[in-house]
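Written out below as structure tokens is the structure these notes cover.
In the numbering used here, the protein residues as written are 8 to 392.
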């Protein structure tokens, strides 16, 4: 029999995050700080709206682009948070999580051989999705000395005549790094000069701890060049509802919707009704959860300092990215040994790109009690190295 599986797919490595997650499920007594999933329940008024939609029999397909009410609320949200206006009928559409939006944006925009600039360490989906879209991923290695921010010079150093898209993964998973307005202004200048497009993944935009999140879409000439990706999983504790969205130029959104039309049809109807409620009345929920995340963030940073684990201060998302280079072990070996000896799961930095070597990702989307127990195990482990 001929080989039934395409070589392009075989050559893509499985997610390094899920590898450790699967091991944890089989390890009795393990504590996991490995998955980026809020430990909060979806706020009750949001759940209630989903339940109400079911009780009213609203279980039909929506349009391919999503409920008009939801697209309108997203447009209002971006107007009040970023001062940017999107036509809800032409420039906004609803996806099955932010991850689908990433995939669709790349497939809609790429011709074979186009280059996509991907800063790393970063979320595991960008590089595989670029490969599946027949793009050539070009990695930009983010540096701790720059607080893992992307610089304009780093972009310029990688741009060629085949470069089409720059991925902007900020606030960043796994580092927690953010980009300030001044940083983005320099990046936007290069994007305009080199005639590039941007995929800006802002799923953690509400979870910033040093002021208000600023999006590149708010800069002159950048709304026209940017696909903004966001969703409800992180800010509203709605991971299992699987709902995201993309906003951008109509000409690109139309093609993304076309692919979505054939592959998915529409995002879950129940989730869409719940998301309308989240955007209308969820600001206070986000504020309360963010306050708790910030408390956990500061706790972990103080604990790392106490036990001698170097870590730059992250100001976004709910991850810290401490450095383990002084122990002379690979990130994979460190995490494997930590899980085996102390039943504590964190994720190797290399799961987010080769330049993550020497770091581990620790999620603080867990209760303070779990974090305290985890730090006791980590301290014991480090004391033996």
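For every residue, glycine included, the Cβ atom is placed at its ideal position computed from N, Cα and C.
Query: Counting only runs of 4+ residues fully inside the region 57-128, write out the alpha helix (DSSP H) ranges in chain order.; Result: 75-89, 104-116
Query: Report all residues from its chain with a CB closer than 6 Å to the CB of residue 363; omit the five preceding and five following residues, and keep chain order.; Result: 128, 356, 357
Query: Would residue 295 be called buried (16 or more neighbouring beta carbons within 10 Å of its own) or exposed?; Result: exposed
Query: So the candidates are 275, 148, 371; which of them puts its Cα closest to the Cα of residue 102?; Result: 275
Query: Do residue 234 and residue 205 have their beta-carbon atoms positioned less than 9 Å apart in this structure?; Result: yes
Query: According to DSSP, residue 172 sits in a beta bridge with which residue or residues?; Result: 123, 204
Query: Could you tell me how far apart the beta carbons of residue 253 and residue 44 are, in whole angstroms, since I believe they sit closer than 8 Å?; Result: Not a contact, Cβ separation roughly 22 Å.
Query: Could you tell me the boundaries of the beta strand (DSSP E) in which residue 254 lies?; Result: 251-254
Query: Let me know if residue 32 comes out buried or exposed under the rule of 16 or more other beta-carbons within 10 Å of its beta-carbon.; Result: exposed
Query: Rounded to a whole number of angstroms, what is the C-alpha to C-alpha distance between residue 374 and residue 327?; Result: 15 Å
Query: Which residue marks the beginning of the beta strand (DSSP E) containing residue 3, and which one marks its end?; Result: Nothing about residue 3 can be reported from this structure: the residues present for the chain run from 8 to 392 only.
Query: Which runs of the alpha helix (DSSP H), 4 residues or longer, sit entirely within the region 239-326?; Result: 257-270, 276-288, 290-314
Query: Take residue 86 and list the residues in its own chain whose beta-carbon comes closer than 7 Å to its own, dropping the five residues that flank it on each side.; Result: 92
Query: Just tell me which of 82, 153, 170 has its CA closest to the CA of residue 183.; Result: 153
Query: Just to confirm the assignment: which complete beta strand (DSSP E) runs, minimum length 3, are found wholly within the region 18-53?; Result: none
Query: Using three-state DSSP, classify residue 215 as helix, strand or coil.; Result: strand
Query: Mind checking residue 66: buried by the 16 CB within 10 Å criterion, or exposed?; Result: exposed
Query: Tell me the DSSP secondary structure of residue 355 in three-state form.; Result: strand
Query: According to the neighbour-count rule (16 or more other Cβ atoms, all chains shown, within 10 Å of its Cβ), is residue 218 buried or exposed?; Result: exposed
Query: Quick one, are the C-beta atoms of residue 147 and residue 171 less than 9 Å apart?; Result: no
Query: Any idea what DSSP makes of residue 162, helix, strand or coil?; Result: helix
Query: Just to confirm, is the Cβ distance from residue 107 to residue 257 under 9 Å?; Result: no
Query: When burial is assigned at 16 or more other CB atoms within 10 Å of the CB, is residue 392 buried or exposed?; Result: exposed
Query: Give the C-beta separation of residue 226 and residue 239 to the nearest angstrom, bearing in mind that I take them to be a contact with Cβ-Cβ under 8 Å.; Result: About 25 Å; that fails the 8 Å criterion.
Query: Nearest by alpha-carbon distance to residue 279: which of 385, 81, 214 is it?; Result: 81
Query: Considering Cα atoms alone, identify which of 308, 138, 163, 322 is closest to residue 17.; Result: 138
Query: Which residue's Cα is closest to the Cα of residue 72: 187, 272, 336, 48?; Result: 272
Query: Using C-beta distances below 6 Å, list every residue in its chain close to residue 369, excluding the 5 sequence neighbours before and after it, in chain order.; Result: 40, 327, 353
Query: Taking DSSP as the reference, what is the three-state secondary structure of residue 147?; Result: strand
Query: Could you check what DSSP says for residue 12 in three-state terms: helix, strand or coil?; Result: coil
Query: Taking three-plus beta-carbon pairs below 8 Å as touching, is the region 378-389 in contact with the region 341-352?; Result: yes
Query: Anyone know if the C-beta pair for residue 214 and residue 173 falls short of 9 Å?; Result: no
Query: Start and end of the alpha helix (DSSP H) containing residue 370?; Result: Careful: residue 370 lies outside any alpha helix (DSSP H), inside the beta strand (DSSP E) at 367-370.
Query: With DSSP run on the structure shown, which of helix, strand or coil describes residue 210?; Result: coil
Query: Between residue 220 and the rest of its own chain, which residues show a CB-CB distance below 6 Å, the 5 nearest in sequence each way excluded?; Result: 212
Query: Quick one: give me the first and last residue of the alpha helix (DSSP H) that residue 133 is part of.; Result: 133-139
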